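Have a look at the structure below before the remarks.
Numbering (our numbering), first residue to last: -19 to 350.
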């Protein structure tokens, strides 16, 4: 009897893997900009042509790569970020799976130019559909530039399903804003079809919000600050009279990594209950600082879904912090922080053992349809 189960060819397997990481031009932008951040860059430039269909170029002043490492960066599961299984439980870098560059190179034409500051010359690598076409020495400034051309040229079906340029550019803009918001200490430039869209200088967090979303944000935000032994929470939320039915901006970051978290979203919304119309939503820009051992970012290739070992406790901290911000800065009498039913901020013992995070404990079911 003929065998029914067949092992996929390497080409097919690579394209399947690439499809998980590279869903559209915005996916490429996210991965390349995060690699630049991991390289220690203080200035990152993003150049787009035709909303990324023709070209996505990211240039940074980071550490660069050696002649030997440059082509190896495009091998599947090649990474400088982790070495052992234990490293997965204390991830501090943005990239770590070793999937992004390999996946991008599999579905495009890539030109990499890179140089370390200690080297006199740099390296140029050209790859087409995952195959190295050129690997040579060249002259260039320190740092790295990656130009991703003709995305999905070898997968016509995937390229056909891309939306029009305005839609794809909108997705790219969202990714750019997420990365730029989470790293206000880094300068970012965005050019679309040779037109300068953003030229962001290093700044504080609030200044970066205003630079991205307009001067009106300056007076519409309330500061959120909470420090506990479990988590530090900081950022900004909308004043109650500045909420909207549409056009609001909502961002969570954990250890400077953008994340989606419907459960924590409900904690923020809980603080506004009875204070804003039911149809309105606040804007929020909230960052969490927590031990890497207490979170798991290795859930999905997009790395935006993150699991917390102490999710319920952090929910209480977040809810209390937002309640306090609204009550303190808007002087809403309905929130009395001296009352017996005031929101409680959990207290954590310094002697607690947090070396082994428990990610398997049940969590409260969350309605994800908001």
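Heads up, the beta-carbon is just placed ideally off N, CA and C, and yes, glycines get one too. All of these numbers come straight from a predicted model, not from anything done at the bench.
Cβ separation of residue i and residue j, assumed to be a contact under 8 Å, to the nearest whole Å
i           : j           : result
residue 26  : residue 156 : 6 Å
residue 213 : residue 266 : 7 Å
residue 129 : residue 34  : 7 Å
residue 22  : residue 123 : Going by Cβ atoms, the distance from residue 22 to residue 123 rounds to 10 Å, so no, they are not a contact pair.
residue 50  : residue 103 : 4 Å
residue 211 : residue 294 : 5 Å
residue 199 : residue 263 : Incorrect: roughly 13 Å between the Cβ atoms, too far for contact.
residue 117 : residue 54  : Not confirmed; about 18 Å, so no contact.
residue 261 : residue 216 : Residue 261 to residue 216, Cβ: 15 Å. No contact.
residue 256 : residue 223 : 5 Å
residue 42  : residue 8   : Not really, about 18 Å apart at Cβ, beyond 8 Å.
residue 44  : residue 101 : Not a contact, Cβ separation roughly 11 Å.
residue 234 : residue 185 : Contact flag wrong, Cβ pair sits at about 15 Å.
residue 83  : residue 2   : 5 Å
residue 236 : residue 154 : No, residue 236 and residue 154 are not in contact; Cβ-Cβ is about 17 Å, not under 8 Å.
residue 145 : residue 30  : 6 Å
residue 169 : residue 179 : 5 Å
residue 112 : residue 92  : The Cβ separation is near 10 Å, so there is no contact.
residue 107 : residue 137 : So it is not a contact: roughly 22 Å between Cβ atoms.
residue 191 : residue 183 : 7 Å
residue 188 : residue 161 : 6 Å
residue 52  : residue 87  : 19 Å between Cβ atoms; not a contact.
Cross-strand partners of residue i (DSSP beta bridge)
i           : result
residue 252 : Answer is none; residue 252 lacks a bridge partner.
residue 108 : 89 and 111
residue 219 : None; residue 219 has no bridge partner.
residue 355 : With the chain running from -19 to 350 in the structure shown, residue 355 is simply not present.
residue 175 : 172
residue 48  : Per DSSP, none; premise fails for residue 48.
residue 94  : 103 and 124
residue 264 : 217 and 230
residue 29  : 35
residue 116 : 104
residue 42  : In DSSP, residue 42 forms no bridge with anything.
residue 383 : Since the first residue of the chain shown is -19 and the last is 350, residue 383 is not available in this structure.
residue 79  : Paired residue(s): none; residue 79 is not in a bridge.
residue 24  : 40 and 168
residue 180 : 168
residue 244 : Partner(s): none; residue 244 has no beta bridge.
residue 288 : 275
residue 129 : 35 and 89
Where the alpha helix (DSSP H) containing residue i begins and where it ends
i           : result
residue 186 : 185 to 193
residue 152 : 145 to 162
residue 140 : 136 to 140
residue 10  : 5 to 18
Given residue i as reference, the closest of the options once Cα atoms are compared
i           : options               : result
residue 90  : 80, 98, 99 and 96     : 80
residue 230 : 17, 220, 248 and 221  : 248
residue 240 : 95, 287 and 29        : 287
residue 202 : 5, 252 and 292        : 252
residue 291 : 222, 111, 274 and 144 : 274
residue 151 : 299, 6 and 260        : 6
residue 109 : 28, 132 and 161       : 132
residue 309 : 254, 205 and 174      : 205
residue 300 : 207, 56 and 145       : 207
residue 225 : 29, 178, 139 and 258  : 258
residue 172 : 143, 149 and 237      : 149
residue 285 : 143, 242, 303 and 174 : 242
residue 143 : 4, 220 and 246        : 4
residue 298 : 246, 56 and 221       : 246
residue 221 : 197, 232, 244 and 209 : 197
residue 254 : 56, 125, 303 and 296  : 303
residue 125 : 147, 296, 17 and 181  : 17
residue 244 : -16, 88, 296 and 28   : 296
residue 174 : 20, 24, 181 and 28    : 28
Delimiting residues of the beta strand (DSSP E) encompassing residue i
i           : result
residue 308 : Not the beta strand (DSSP E): residue 308 falls in the alpha helix (DSSP H), residues 291 to 310.
residue 272 : Here residue 272 belongs to no beta strand (DSSP E), and DSSP marks it neither H nor E.
residue 204 : 201 to 207
residue 239 : 237 to 239
Residue i at chain B interface by Cβ criterion, 7 Å
i          : result
residue 12 : Among the protein chains of the structure shown there is no chain B, as only one such chain exists.
Inter-stretch contact at 8 Å, needing at least 3 Cβ pairs: the segment 37 to 50 / the segment 8 to 28: With a cut-off of 8 Å on Cβ pairs, the segment 37 to 50 is in contact with the segment 8 to 28, counting three or more such pairs.
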